[in-house]
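Asker:
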Amino acid sequence: MSILFSLPIYPNTILCGDFNARLGDITGDSVMSPCGTAMVPWFEEQSLSVLNASLSYGIATWHGFWQQCTCSSILDLFLCNFDMTSPSMHINTDLSLGSDQCLMSLSFSYDMSLSSCSSSSPSSSTIHPRCLWNLAHLKEQDPCDLYANTFTTLSSPLSTHLHSLVTSCCVPTSIQKFSMNKSTQVVCCDIQNTL
Numbered sequence: 000m001s002i003l004f005s006l007p008i009y010p011n012t013i014l015c016g017d018f019n020a021r022l023g024d025i026t027g028d029s030v031m032s033p034c035g036t037a038m039v040p041w042f043e044e045q046s047l048s049v050l051n052a053s054l055s056y057g058i059a060t061w062h063g064f065w066q067q068c069t070c071s072s073i074l075d076l077f078l079c080n081f082d083m084t085s086p087s088m089h090i091n092t093d094l095s096l097g098s099d100q101c102l103m104s105l106s107f108s109y110d111m112s113l114s115s116c117s118s119s120s121p122s123s124s125t126i127h128p129r130c131l132w133n134l135a136h137l138k139e140q141d142p143c144d145l146y147a148n149t150f151t152t153l154s155s156p157l158s159t160h161l162h163s164l165v166t167s168c169c170v171p172t173s174i175q176k177f178s179m180n181k182s183t184q185v186v187c188c189d190i191q192n193t194l
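Number 141 in numbering that gives the first Met the number 0 belongs to position 142 of the sequence shown; there are no gaps in the numbering.
Here you go:
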């Protein structure tokens with residue numbers, strides 16, 4: 000919990016993952032776990048909304064077996080600290096990718112005019128669901144190459160958009176010099192080094 004509480008939360012933050020915290024009535028789960036109880040004050044302190052509560056109330060994100068029983072709970076959460084336009088959350092109960100956790104996606108429109116740093120780009124753009132990968136497969140050369148190529152291709156529009164934001168806002172020079180190509184190389188090298 001101390002790591003979670005030490006995270007810096009900036010405007011327009013989205014957090015997603017397996018928090019291993021059951022939030023009971025907040026998300027429509029049957030239990031409020033001690034970890035969930037400990038997280039609620041942090042949500043309030045950081046002005047974080049639990050999107051599962053409003054967009055997928057009562058839909059389990061974990062299905063498994065415990066003490067010889069089939070169980071389900073809501074452990075995976077989307078959290079954010081800003082109002083989203085047309086948000087939609089989907090929990091794929093039939094697409095687990097070999098995990099007991101469900102694949103989750105969040106889509107919404109983002110109005111750049113509401114941002115503290117707007118640009119001349121269109122006023123809203125759709126944020127696409129993230130693709131999940133089984134990282135163990137990245138030990139094999141073909142999937143690793145596919146991942147690197149896919150990441151580079153799919154991040155290209157993001158690079159262009161970030162570049163336009165950086166050049167239109169007051170951003171430290173050190174950040175301006177860090178190009179998307181460099182970040183792509185860093186991500187790919189880090190993945191290969193961890194394998």
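Every residue, glycine too, gets a C-beta built ideally from N, C-alpha and C.
Quick test of your reading: Ser32 and Arg21, contact by CB under 8 Å. State the CB separation rounded to the nearest angstrom.
Answerer: Stepping through the sequence shown from its first residue, residue 32 is reached at position 33. Stepping through the sequence shown from its first residue, residue 21 is reached at position 22. Confirmed, about 4 Å.
Asker: Check the DSSP bridge columns for Val49 and list the partner residues they point to.
Answerer: Here residue 49 corresponds to residue number 50 of the sequence shown, with the count starting at 1. Looking at the DSSP assignment, Val49 forms a beta bridge with Leu78.
Asker: At a cut of 8 Å, does the stretch 75 to 93 reach the stretch 38 to 51 through at least three beta carbon pairs?
Answerer: yes
Asker: Excluding the five sequence neighbours on either side, which residues of its own chain have a C-beta within less than 7 Å of the C-beta of Leu14, listed in chain order?
Answerer: Locating residue 14 in the sequence shown gives position 15, where the first residue counts as 1. Answer for Leu14: Leu78, listed in chain order.
Asker: Just grab the DSSP bridge partners of Gln66 for me.
Answerer: Looking up residue 66 in the sequence shown gives position 67. According to DSSP, which records beta bridges pairwise, Gln66 is partnered with nothing at all.
Asker: Compare the Cα-Cα distances from Ser29 to each of Phe64, Cys101, Ser53 and Cys70 and report the closest residue.
Answerer: The sequence position of residue 29 within the sequence shown is 30, counting from 1. The option with the nearest alpha carbon to Ser29 is Cys70.
Asker: Helix, strand or coil: which one does DSSP assign to Tyr109?
Answerer: Here residue 109 refers to the residue found at position 110 of the sequence shown. Of the three classes helix, strand and coil, the one that applies to Tyr109 here is strand, per DSSP.
Asker: Which one of Asn51, Thr92, Pro10 and Leu145 has the shortest CA to CA distance from Phe18?
Answerer: By 1-based counting over the sequence shown, the position of residue 18 is 19. Comparing Cα-Cα distances from Phe18 to each of Asn51, Thr92, Pro10 and Leu145, the minimum goes to Asn51.
Asker: For the beta strand (DSSP E) that Leu137 lies in, which residues bound it at each end?
Answerer: Walking along the sequence shown from the start, residue 137 turns up at place 138. Leu137 -> no beta strand (DSSP E), and no H or E assigned at all.
Asker: Measuring alpha carbon to alpha carbon, tell me which of Thr12, Tyr56, Pro156 and His62 ends up nearest Gln100.
Answerer: Working through the sequence shown from its first residue, we reach residue 100 at position 101. When only C-alpha atoms are compared, the closest one is His62.
Asker: Could you check whether Thr60 and Met103 sit closer than 8 Å to each other, using their CB atoms as the reference points?
Answerer: The count along the sequence shown starts at 1 and reaches residue 103 at position 104. The count along the sequence shown starts at 1 and reaches residue 60 at position 61. Taking 8 Å as the Cβ cut-off, Met103 and Thr60 qualify as a contacting pair.
Asker: Which residues bound the alpha helix (DSSP H) around Cys34?
Answerer: Position 35 of the sequence shown, counting from 1, holds the residue named residue 34. In the DSSP assignment, Cys34 falls within the alpha helix (DSSP H) that extends over Pro33 to Glu44.
Asker: Under 6 Å Cβ to Cβ from His89, same chain only, skipping five residues before and after it: list those, please.
Answerer: Mapped onto the sequence shown, residue 89 falls at position 90. Excluding residues within five positions, the ones whose Cβ falls inside 6 Å are Ser104.
Asker: With Ser5 as the anchor, note down where its beta strand (DSSP E) starts and where it stops.
Answerer: As a working note, residue 5 is residue 6 in the sequence shown. First-last for Ser5: Ser1 to Ser5, but that is the alpha helix (DSSP H), not the beta strand (DSSP E).
Asker: Please report the distance separating the alpha-carbon of Ser122 from that of Ala147.
Answerer: Counting from 1 along the sequence shown, the entry for residue 122 is found at position 123. Counting from 1 along the sequence shown, the entry for residue 147 is found at position 148. Because Ser122 carries a pLDDT of 37, less than 50, the predicted location of this residue cannot be relied on, and the following value inherits that uncertainty. When rounded, the distance between both Cα atoms is 30 Å.
Asker: Since Leu54 and Ser87 are thought to touch, with beta carbons under 8 Å apart, how far apart are those beta carbons, to the nearest angstrom?
Answerer: Residue numbering aside, residue 54 sits at position 55 when the sequence shown is read from its first letter. Residue numbering aside, residue 87 sits at position 88 when the sequence shown is read from its first letter. The pair is a contact, with the Cβ atoms about 7 Å apart (cut-off 8 Å).
Asker: Hey, how far is the Cα of Ser26 from the Cα of Ile8?
Answerer: In the sequence shown, the residue the question calls residue 26 occupies position 27. In the sequence shown, the residue the question calls residue 8 occupies position 9. It should be noted that the sequence gives Thr, not Ser, for residue 26. The straight-line gap from Cα to Cα measures roughly 22 Å.
Asker: Thinking Met0 and Ala37 are a contact (beta carbons under 8 Å), I'd like their distance in whole angstroms, please.
Answerer: Residue mapping note: residue 0 aligns to position 1 of the sequence shown, counting from 1. Residue mapping note: residue 37 aligns to position 38 of the sequence shown, counting from 1. The Cβ separation is near 6 Å, so the contact holds.
Asker: Less than 8 Å separating the beta-carbons of Leu3 and Trp41?
Answerer: Locating residue 3 in the sequence shown gives position 4, where the first residue counts as 1. Locating residue 41 in the sequence shown gives position 42, where the first residue counts as 1. Yes; because the gap between Cβ atoms is below 8 Å, this pair is in contact.
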